[in-house]
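Down below is the structure, laid out as structure tokens.
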Amino acid sequence: MIKTIGVIGAGTMGNGIAQVFAQAGYEVRLCDTFPAALGKAKSTIEKSLGKFVEKGKLSAADRQAALGRLSTCGELKALADVDYVVEAIAENVDVKAGVFKALDAITRPDVILASNTSSISITVLGAATNRPDKVLGMHFMNPVPLMTLVELIRGQATSDESMKVATELCTKLGKTPVEAADYPGFIANRILMPMINEAVYAVMEGVGTPEAIDTVMKLGMNHPMGPLTLADFIGLDVCLAILNVLHDGIGDPKYRPCPLLRRMVAAGHLGRKSGQGFYKY
Ligand SMILES: NC(=O)c1ccc[n+]([C@@H]2O[C@H](COP(=O)([O-])OP(=O)(O)OC[C@H]3O[C@@H](n4cnc5c(N)ncnc54)[C@H](O)[C@@H]3O)[C@@H](O)[C@H]2O)c1
Numbered sequence: 168m169i170k171t172i173g174v175i176g177a178g179t180m181g182n183g184i185a186q187v188f189a190q191a192g193y194e195v196r197l198c199d200t201f202p203a204a205l206g207k208a209k210s211t212i213e214k215s216l217g218k219f220v221e222k223g224k225l226s227a228a229d230r231q232a233a234l235g236r237l238s239t240c241g242e243l244k245a246l247a248d249v250d251y252v253v254e255a256i257a258e259n260v261d262v263k264a265g266v267f268k269a270l271d272a273i274t275r276p277d278v279i280l281a282s283n284t285s286s287i288s289i290t291v292l293g294a295a296t297n298r299p300d301k302v303l304g305m306h307f308m309n310p311v312p313l314m315t316l317v318e319l320i321r322g323q324a325t326s327d328e329s330m331k332v333a334t335e336l337c338t339k340l341g342k343t344p345v346e347a348a349d350y351p352g353f354i355a356n357r358i359l360m361p362m363i364n365e366a367v368y369a370v371m372e373g374v375g376t377p378e379a380i381d382t383v384m385k386l387g388m389n390h391p392m393g394p395l396t397l398a399d400f401i402g403l404d405v406c407l408a409i410l411n412v413l414h415d416g417i418g419d420p421k422y423r424p425c426p427l428l429r430r431m432v433a434a435g436h437l438g439r440k441s442g443q444g445f446y447k448y
């Protein structure tokens with residue numbers, strides 16, 4: 168029986184994932200090595216739950232109860248007794264594999280270890296553990312409390328039973344799970360990132376301003392948000408990391424990250440989270 172969820176990484180995604188599990192009645196332990204990230208995550212969650220209360224979608228008592236189910240920690244070893252783990256740290260295969268190896272030693276052998284990775288191979292993360300049948304991808308969408316899709320990724324060795332448990336958890340969170348195979352970028356980013364990358368090329372080549380490109384895609388294609396606004400929202404460093412995985416993993420030059428995207432990331436212009444991307448915030 169899953170009662171306590173460990174969430175690792177309290178950034179953009181980790182705080183949203185922690186929130187939805189706490190709202191659904193699970194005890195949540197949110198872990199980050201960077202203490203300031205934990206403080207920021209707590210205030211983001213408080214604000215987000217407050218908005219649900221304002222809109223009449225959550226009672227004030229349920230908000231308090233959800234916050235009461237949430238605790239934070241700075242070290243992985245505090246996750247020794249959790250029943251399920253979702254990892255949401257930086258999109259870097261070596262760092263993630265190191266965390267999966269450590270989690271394999273810390274958690275009970277029956278515990279499923281899920282990654283929120285946007286593009287990294289679940290099979291590779293599974294191979295860093297002695298329980299590859301219990302390693303899977305649980306790819307939430309940003310912002311987690313509002314977006315209903317969860318892409319569930321089955322690694323080469325992931326068992327049917329683990330997929331079933333993850334599917335049931337998604338349903339308990341009020342999310343819709345969709346299964347994808349373990350190829351670079353899975354379904355969502357295999358399709359989304361080439362579009363974002365092409366939009367960046369269009370800026371670089373002067374085909375249109377960011378405003379013009381976003382307006383064409385919003386009004387012409389009925390997208391709720393233009394690709395450059397979306398890239399700023401996701402984080403330009405995250406977009407670059409995913410494109411690198413697509414390019415390296417599939418080998419087709421069509422996935423080559425645009426030089427302008429590389430330049431913006433090198434300058435620390437990471438989008439909304441840094442105050443500057445294709446737009447100013
Ligand atoms: N940003 C998005 O829109 C989005 C959407 C879906 C999936 N993802 C994926 O989610 C993951 C997290 O992305 P994010 O945007 O939340 O990143 P982020 O940079 O906002 O947050 C990452 C957090 O992880 C912490 N961290 C790093 N190494 C750690 C470790 N070893 N132990 C504990 N904490 C550690 C950092 O301090 C930071 O707070 C990535 O794999 C990303 O690809 C991102």
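Take 168 as the starting number for the sequence shown in this note's numbering and just add one per residue.
C-beta: ideal position from N, C-alpha, C; glycine also.
Since this is a predicted model, take the numbers as computed values, not measurements.
Output yes or no for whether 7 Å exceeds the beta carbon distance between Ala-233 and Ala-189. yes
Comparing alpha-carbon positions, which option in Val-249, Gly-176, Thr-211 and Thr-396 lies nearest Asn-283? Gly-176
Cut-off 7 Å between Cβ atoms - residues of its own chain near Pro-361, not counting five sequence neighbours on either side: Hits under 7 Å: Lys-421 and Tyr-422.
Simplified DSSP assignment, three categories, for Arg-321: strand
Is the beta carbon of Val-266 within less than 6 Å of some heavy atom of ligand 1? yes
Best match in Ala-408, Leu-403 and Leu-359 for proximity to Met-384 [C-alpha to C-alpha]: Leu-359
DSSP has Met-447 in a bridge; who is on the other side? Here residue 447 is Lys; the residue named in the question, Met, does not match the sequence. DSSP output for Lys-447 lists Gln-443 as bridge partner(s).
Rounded separation between Arg-429 and Asn-389 - CA only: 28 Å
If I follow the unbroken alpha helix (DSSP H) through Cys-425, where does it start and stop? No alpha helix (DSSP H) contains Cys-425, which DSSP labels as neither H nor E.
Relative to ligand 1, is the shortest distance from any of its heavy atoms to the C-beta of Ala-177 smaller than 6 Å? yes
Which residues mark the beginning and the end of the beta strand (DSSP E) in which Gly-304 is found? 302-307
Report whether the distance from the Cβ of Gly-402 to the nearest heavy atom of ligand 1 is below 6 Å. yes
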